[in-house]
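In full-length UniProt numbering, the protein residues as written are 1 to 275. The beta carbon of each residue, even a glycine, is placed where N, CA and C say it ideally should be. A short write-up of the structure that comes next.
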Ligand SMILES: CC/C=C\C=C\CC(=O)SCCNC(=O)CCNC(=O)[C@H](O)C(C)(C)COP(=O)(O)OP(=O)(O)OC[C@H]1O[C@@H](n2cnc3c(N)ncnc32)[C@H](O)[C@@H]1OP(=O)(O)O
């Protein structure tokens with residue numbers, strides 16, 4: 001994790017903390033992201049996932065905005081490939097889109113919770129990213145837009161699949177067809193974010209406290225809750241219950257369980273081994 005990245009920065013909250021800040025780091029272009037983001041992001045998330053010190057990841061943006069969307073300069077490079085036969089050209093583009101989708105889905109594949117802390121603009125690609133996150137918070141001055149439709153793009157990196165489950169089908173349709181801007185307060189009303197903070201400092205501090213809280217919980221139960229909720233979203237109740245039965249039949253009996261129960265009885269703070 002010492003590696004340098006072009007689009008991202010990693011900060012450990014403090015030496016004793018399980019919270020790591022993953023920061024989108026292209027402030028000079030409002031954190032607009034090009035192709036290199038899609039190769040760096042899943043690599044970094046996987047490294048954080050595999051690192052036992054990491055309990056929770058907080059995703060934020062440097063500079064004035066969370067994410068100004070796809071880098072409009074690189075959008076042309078993604079789509080502008082007309083070499084060779086049409087079939088092969090289209091198949092190449094399909095593969096590129098699938099790789100970009102996988103980069104966003106890496107958030108869900110990461111076992112550790114990923115919390116989005118959003119300030120300023122969260123546009124297009126930004127919405128694809130935050131809808132894949134496990135929890136979202138924002139500042140009062142944050143603004144959002146499912147902007148793809150205005151650029152003649154059918155959003156293809158997850159917004160149309162994940163947003164309806166978060167805000168409801170009708171609202172997702174309205175936001176995606178109009179591409180209209182909406183505020184942090186409306187995002188809260190819609191259920192897109194869980195809480196709105198008055199300033200960026202308050203967002204940072206509030207999210208850090210929440211992340212530290214989750215980071216202090218039994219790690220097996222935290223990763224289990226994320227895995228089972230995401231799985232249950234995509235299958236029916238019976239299949240979801242079957243999945244959690246199998247999950248718990250292999251992971252319920254753990255030292256975490258003994259420690260959690262003892263600590264509660266003894267009215268002390270529990271300590272858990274890292275994952
Ligand atoms: C296969 C397809 C996959 C994914 C597709 C995703 C679709 C999308 O993401 S759609 C959304 C695309 N984004 C936009 O349309 C946003 C355009 N930008 C803005 O609206 C504004 O710049 C802003 C983000 C709201 C920021 O406004 P402000 O704070 O007033 O700063 P500016 O002076 O406007 O911008 C500063 C600097 O950033 C550059 N920039 C902003 N956004 C982008 C972008 N998306 N791509 C490239 N560059 C961007 C802007 O040009 C400025 O740079 P200068 O060098 O100073 O010009």
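- DSSP, read as helix, strand or coil, puts residue 246 in helix.
- Less than 9 angstroms separates the beta-carbon of residue 33 from that of residue 24.
- Across the set 267, 186, 214, 7, the C-alpha of 7 shows the shortest separation from the C-alpha of residue 27.
- Around the beta carbon of residue 205, fewer than 16 other beta carbons lie within 10 angstroms, which makes this residue exposed.
- Taken in chain order, the complete beta strand (DSSP E) segments of 3 residues or longer contained in the segment 108-136 are 114-118, 121-123.
- Around the CB of residue 15, fewer than 16 other CB atoms lie within 10 Å, so the residue is classed as exposed.
- By the criterion of a C-beta distance shorter than 6 angstroms, residue 240 is surrounded in its chain by 232, once the five residues flanking it on both sides are discounted.
- With three or more CB-CB distances shorter than 8 angstroms, the segment 143-162 counts as touching the segment 178-197.
- If you look at residue 9, you'll find it in the beta strand (DSSP E) that goes 8-12.
- For residue 53, the secondary structure class from DSSP, reduced to helix, strand or coil, is coil.
- Counting along the chain, residue 253 sits inside no beta strand (DSSP E), nor does DSSP assign it H or E at all.
- Counting along the chain, residue 169 sits inside the alpha helix (DSSP H) bounded by residues 169-178.
- In terms of CA proximity to residue 133, 115 leads the group 50, 184, 115, 72.
- Residue 157 and residue 125 do touch by the CB rule: their CB atoms are close to 7 angstroms apart, below 8 angstroms.
- The C-beta separation of residue 194 from residue 136 comes to about 6 angstroms, placing the pair in contact by the 8 angstroms criterion.
- The three-state reading of DSSP puts residue 237 in helix, counting H, G and I together.
- At a threshold of 8 angstroms, residue 123 counts as near ligand 1, since its beta carbon sits closer than that to one of the ligand's heavy atoms.
- Excluding its 5 nearest sequence neighbours in each direction, residue 243 has C-beta neighbours in its own chain below 6 angstroms: 231, listed in chain order.
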